[in-house]
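Only one structure is covered here, and it is reproduced in the block below.
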Amino acid sequence: MVCYSRKIGQYRRKGQSLIAANKIKPEKWHISNSEAKEALQAQGYNVKEIKKIRCLTHQVCISYWDEKGNVCSGFFSYRIFARWQIEVEKLIESCQTLKEWRHLNHLMQYEFAYYPYPKNIDSAVHKTLENRLCVLEETTQQAVFQDIESQVVSR
36 MVCYSRKIGQ
46 YRRKGQSLIA
56 ANKIKPEKWH
66 ISNSEAKEAL
76 QAQGYNVKEI
86 KKIRCLTHQV
96 CISYWDEKGN
106 VCSGFFSYRI
116 FARWQIEVEK
126 LIESCQTLKE
136 WRHLNHLMQY
146 EFAYYPYPKN
156 IDSAVHKTLE
166 NRLCVLEETT
176 QQAVFQDIES
186 QVVSR
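Count the sequence shown with the working numbering and you get residues 36 to 190, in order.
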């Protein structure tokens, strides 16, 4: 009998989602009917009224009535909600060092590779990442220059 070794993760990028890394905990959000309706309509669904919202660990289950009066339901990513963008931007802005930013950037690259983001959220998050990197690099340079100046003055 021939044994083949199974290469787990051979084609899968190494990393975690923001939820798996415990950076964002959307299952604790209390998503309102209006927030869910707005998010679904932005995705192109014809929502008349939200029937039920159930927050799960990695996705949200939403039942709703469409414009024709049919009851529809589905599982949706938290990434379609405006609140997701706000939480991600808070995470980015909370990075105090380049090391923290690099770790978060690694998680974000995994996110962008494996999860579809609405275009507006995708571009806003990329812009926030770039801006935070610029701020951190600038503060790092200032710290180095101040350190050099203090060494020169103390001589």
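C-beta atoms are modelled at their ideal positions from N, C-alpha and C, and glycine is treated no differently. All values reported here derive from a predicted model rather than from experimental measurement.
Three-state secondary structure (DSSP) of I43: For I43, the pLDDT reaches just 48, beneath the cut-off of 50, and the residue's location in the model is therefore unreliable, although a value from the coordinates is still provided. Three-state result, I43: coil.
Tell me the rounded alpha-carbon separation between G104 and Q78. 19 Å
Using the DSSP secondary-structure output, state which residues sit across from F110 in a beta bridge. C96
Take the Cβ of P61 as the centre, count every other Cβ of all protein chains shown within 10 Å, and call the residue buried at 16 or more, exposed below. buried
Determine the DSSP secondary structure at C130, reduced to helix, strand or coil. coil
Between the C-alpha atoms of V123 and V160, what's the straight-line distance to the nearest angstrom? 7 Å
Let me make sure I understand the geometry here. Which of Q131, D157, I54 and L91 has the alpha-carbon closest to that of H65? L91
Whole-angstrom Cβ separation of I156 and R89, contact assumed at under 8 Å? 23 Å between Cβ atoms; not a contact.
What three-state label does DSSP hand E84 in the structure shown? strand
What do you get for C169, buried or exposed, if any count of 16 or more other CB atoms within 10 angstroms of its CB means buried? exposed
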